[in-house]
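S.K.: Pasting a structure here, questions to come.
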């Protein structure tokens, strides 16, 4: 294993930001390779945890060096500055590094970070970006692939997660790492992790095992794994967006990952000052709860749940 | 003036988020009256537009007989952000000017921008007033997407601004208010001026004159008053030069914003307070006008320090 410096940015008063990657060189030059990018945002604990756990696994759990067939680069954290102060974006100007790709070496700070990172990620067969959902929601682990014309759905199934969200491309997605990485010839996948601010072991194991499954099935490592799910491809039209008619204290009564029936109560909203139930949230369809609002206080018309329709 | 709530959301604890529109109309409704919409406060840290809308509303109140068209004012699109010194939409940390066009089933910021776009839909003209951010000071300028410039450039010249910057189409900017409204057929101009979290009164007065001048020329108001119309310089006849910080430190200005400078003039220095050393001295790569200058002194490598508009032949 080699530790390589990906980029370095100095600060007026903080220690320099030094982003490092862990490069594990495989024994088979013909095997596919992969780069894995961890926390680009500061509130993405599971991406950080998963990437660091992967470094530990590759260092200590492959008992024979021949089991490492293709090259693997793991960059656990890009945005230490945000992580260390619990900020979401780049702390000075609040810009999102994942909206700066392919980057620009003569541009603003986060454009330069994106450029140096993007340069280091070139030439890999596969690319995994560990992300969390935008907004105030959390979810079950799934793969997000943009409908860009470059996506590799068959390979995405090798993670074995329940869902692959084949998502309509928005203008703002064209400056994301996934889109640009694909444009430059790497099969890139966004692995959307639950956006908890603590490590919940059951879910984090599910995320981790999906990556190991992918590495094994791709032939990047020689490691036996138990099969996961036969992934369902989900389009935007397969998802029922459930908004809450009232604001107040939000109590989900069904967990993410649960199957629900049409008209089943899946959450309720409590009057924030008087304590009574002012709204019951019913599922409009049979399906699987994939995402839910994550804060205790919910705004009127906010998206409370996303249910993938079934039946 | 009629006040209408164009979007509202009950907040969890005893408060309502309300986005309002103020409308001025002629005393007697006129067929084919033109409609103009003035928008500000999409970013909660940008306040210059609020002042311009105040000045405009005051003028319209004092000159009710001059009104021939419909004038819609939206001073505070990100009302929660403005009152909490937050650039994005609070809670969601979303830049509202990257969330257009949104829809009713979108997340809350997407619902809000959708309501705004639907309310403005049908306007002949829209002006979206921004004030840079807390980092940079800008002279009054219009930003125009080349794709829409045949219809918007003639209007921009009437707005009494100093600079018109015509830029190429960029896919990510399709999520902005101006792109959305231009696509819907409303000729939309973006004004950038001043600096975040501040009111630059002289700029406010300058843009007020421009808006009144534009409205007069479009027949939205009728008045004998004459309004200033500066001859703006245009990016079509020159180049924009960027100066980014080569190092981290404290930026100390050596030159005033809006100055006419020569190639090699010192714009400022990057200093290290602890060691007392100058880390870098920043010189102008071209002569021209210093139309952007950094106000917020803390910089990292890459932080934008200044922009100069210079003649084509000045470029190396």
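Residue numbers (our numbering), protein chains in the order written: chain A, 38 to 348; chain B, 1325 to 1640. From the three backbone atoms N, C-alpha and C, an ideal C-beta is built for every residue, glycine too. Since the model is a prediction, treat every value here as computed from it, not as a measurement.
1) Could you give the distance in angstroms between the alpha-carbon of residue 1312(B) and the alpha-carbon of residue 1488(B)?
2) Run the CB neighbour count on residue 81(A), radius 10 Å, all protein chains shown included, and call it buried at 16 or more, exposed below.
3) Listed from N- to C-terminal order along the chain, which residues in the segment 1330-1347 of chain B have their beta-carbon within a distance smaller than 7 Å of any beta-carbon of chain A?
4) Any beta carbon from chain B within less than 8 Å of residue 211(A)'s own beta carbon?
5) CB-CB under 8 Å to residue 1559(B), same chain, minus the five flanking residues each way: which ones, in chain order?
6) At 3 residues or longer, and completely inside the segment 1483-1554 of chain B: list those beta strand (DSSP E) runs for me, N to C.
7) Where does residue 1640(B) fall in DSSP's three states?
8) Does the distance from the C-beta atom of residue 1606(B) to that of residue 1585(B) stay below 8 Å?
9) Go through its chain and collect everything with a Cβ distance to residue 91(A)'s Cβ below 6 Å, but skip five positions before and after it.
10) Residue 120(A) versus chain B: which residues are under 9 Å apart at the beta carbon?
11) Which parts of the segment 1564-1621 of chain B are runs of the beta strand (DSSP E), unbroken and 3 residues or longer, counting only runs that do not cross its ends?
12) Within a Cβ cutoff of 6 Å, which residues of the same chain sit near residue 74(A), ignoring the five residues on either side of it in sequence?
13) Within 10 angstroms of the Cβ of residue 235(A), are there 16 or more other Cβ atoms? Answer buried if so, exposed if not.
14) Taking the alpha-carbon positions, what's the residue 1639(B) to residue 1600(B) distance?
15) Could you check how far apart the C-beta atoms of residue 302(A) and residue 318(A) are, in whole angstroms? I think they sit under 8 Å.
16) Where does residue 1399(B) fall in DSSP's three states?
17) Check each candidate in 1421(B), 1372(B), 1341(B), 1373(B) and name the one with the smallest Cα separation from residue 208(A).
18) Which same chain residues end up closer than 6 Å to residue 1472(B) when comparing Cβ atoms and leaving out the 5 residues on each side of it in sequence?
19) Just to confirm my understanding: we take residue 313(A), look at its own chain, exclude 5 residues before and 5 after, and list those with CB closer than 8 Å. What are they?
20) Select from 85(A), 304(A), 341(A), 139(A) the residue whose C-alpha is nearest the C-alpha of residue 221(A).
21) Relative to the alpha-carbon of residue 196(A), which residue among 215(A), 269(A), 129(A) has its alpha-carbon at the smallest distance?
22) Buried or exposed: where does residue 1532(B) fall if 16 or more other Cβ atoms within 10 Å of its Cβ makes it buried?
23) Kindly indicate the opening and closing residues of the alpha helix (DSSP H) around residue 92(A).
24) Which same chain residues end up closer than 6 Å to residue 329(A) when comparing Cβ atoms and leaving out the 5 residues on each side of it in sequence?
25) Please confirm if residue 1435(B) has its CB atom under 8 Å from at least one CB of chain A.
26) Using only CA atoms, which one of 1347(B), 1431(B), 1623(B), 1403(B) lies nearest to residue 1385(B)?
27) What are the complete alpha helix (DSSP H) segments, minimum 4 residues, inside the segment 164-197 of chain A?
28) If you measure from the beta carbon of residue 1415(B) to each beta carbon in chain A, is any gap under 8 Å?
29) Is DSSP giving residue 332(A) helix, strand or coil here?
30) Whether or not the segment 184-192 of chain A and the segment 1468-1482 of chain B are in contact is what I'm after, with contact meaning three or more pairs of Cβ atoms, one per stretch, closer than 8 Å; do they touch?
31) Comparing C-alpha positions only, which one of 1587(B), 1468(B), 1594(B) sits nearest to residue 1635(B)?
32) Just by C-beta distance, which residues in the segment 1553-1568 of chain B are closer than 8 Å to chain C?
33) Please check if any C-beta of chain B sits within less than 8 Å of the C-beta of residue 55(A).
34) Going by DSSP, which residues form a beta bridge with residue 1668(B)?
M.R.: Taking the structure as given:
1) The structure shown has nothing for residue 1312(B), since chain B only spans 1325 to 1640.
2) Residue 81(A) should be labelled buried.
3) Taking 7 Å as the Cβ-Cβ cut-off against chain A, the residues of the segment 1330-1347 of chain B that qualify are 1333, 1334, 1335, 1336, 1337, 1338.
4) Yes, because at least one Cβ of chain B sits closer than 8 Å to the Cβ of residue 211(A).
5) So the qualifying residues of the chain are 1487, 1488, 1489, 1490, 1491, 1633.
6) Runs found: 1487-1491, 1511-1518.
7) Low confidence applies to residue 1640(B): its pLDDT is 42, below 50, so where it sits in the model is not reliable, and the reading given next is rough at best. Coil, per DSSP.
8) Taking 8 Å as the Cβ cut-off, residue 1606(B) and residue 1585(B) do not qualify as a contacting pair.
9) Take residue 91(A), set aside five residues on each side of it, and the residues of its chain with a beta-carbon closer than 6 Å to its own are 111, in chain order.
10) Result: empty, since nearest Cβ-Cβ is about 16 Å, beyond 9 Å.
11) Qualifying beta strand (DSSP E) stretches, in chain order: 1573-1577, 1590-1596, 1601-1607, 1612-1618.
12) Closer than 6 Å at Cβ, skipping near neighbours: 112, 166.
13) Exposed.
14) Here residue 1639(B) scores only 45 on pLDDT, less than 50, and its place in the model is too uncertain to base an answer on.
15) Contact flag correct, Cβ pair sits at about 7 Å.
16) In the structure shown, residue 1399(B) sits in coil (DSSP, three-state: anything other than H, G, I, E or B).
17) Of the listed residues, the one whose Cα sits closest to residue 208(A) is 1421(B).
18) Within the same chain, residue 1472(B) has close Cβ partners 1506.
19) Taking C-beta separations shorter than 8 Å and ignoring five residues to either side along the sequence, the partners of residue 313(A) in its chain run 307, following chain order.
20) Residue 221(A) has its Cα closest to that of 139(A), out of 85(A), 304(A), 341(A), 139(A).
21) Restricting attention to 215(A), 269(A), 129(A), the CA atom closest to the CA of residue 196(A) is found in 269(A).
22) Buried is the call here.
23) Counting along the chain, the unbroken alpha helix (DSSP H) around residue 92(A) starts and ends at 82-97.
24) Within the same chain, 289, 293, 342 come within 6 Å of residue 329(A) by CB-CB distance, once the 5 residues on both sides are set aside.
25) Yes - at least one Cβ of chain A is within 8 Å of the one on residue 1435(B).
26) Of 1347(B), 1431(B), 1623(B), 1403(B), the residue nearest in Cα terms is 1347(B).
27) When DSSP assignments are scanned along the segment 164-197 of chain A, the uninterrupted stretches of alpha helix (DSSP H) that are 4 or more residues long and fall wholly within it turn out to be 190-193.
28) Residue contact with chain A for residue 1415(B): present (Cβ-Cβ distance below 8 Å to some residue of chain A).
29) Note: residue 332(A) maps to coil in three-state DSSP.
30) No, the segment 1468-1482 of chain B does not touch the segment 184-192 of chain A.
31) The residue among 1587(B), 1468(B), 1594(B) with its C-alpha nearest the C-alpha of residue 1635(B) is 1587(B).
32) Included in the structure are the protein chains A and B, with no chain C among them.
33) No, no contact with chain B.
34) Nothing can be reported for residue 1668(B), as the shown portion of chain B is limited to 1325 through 1640.
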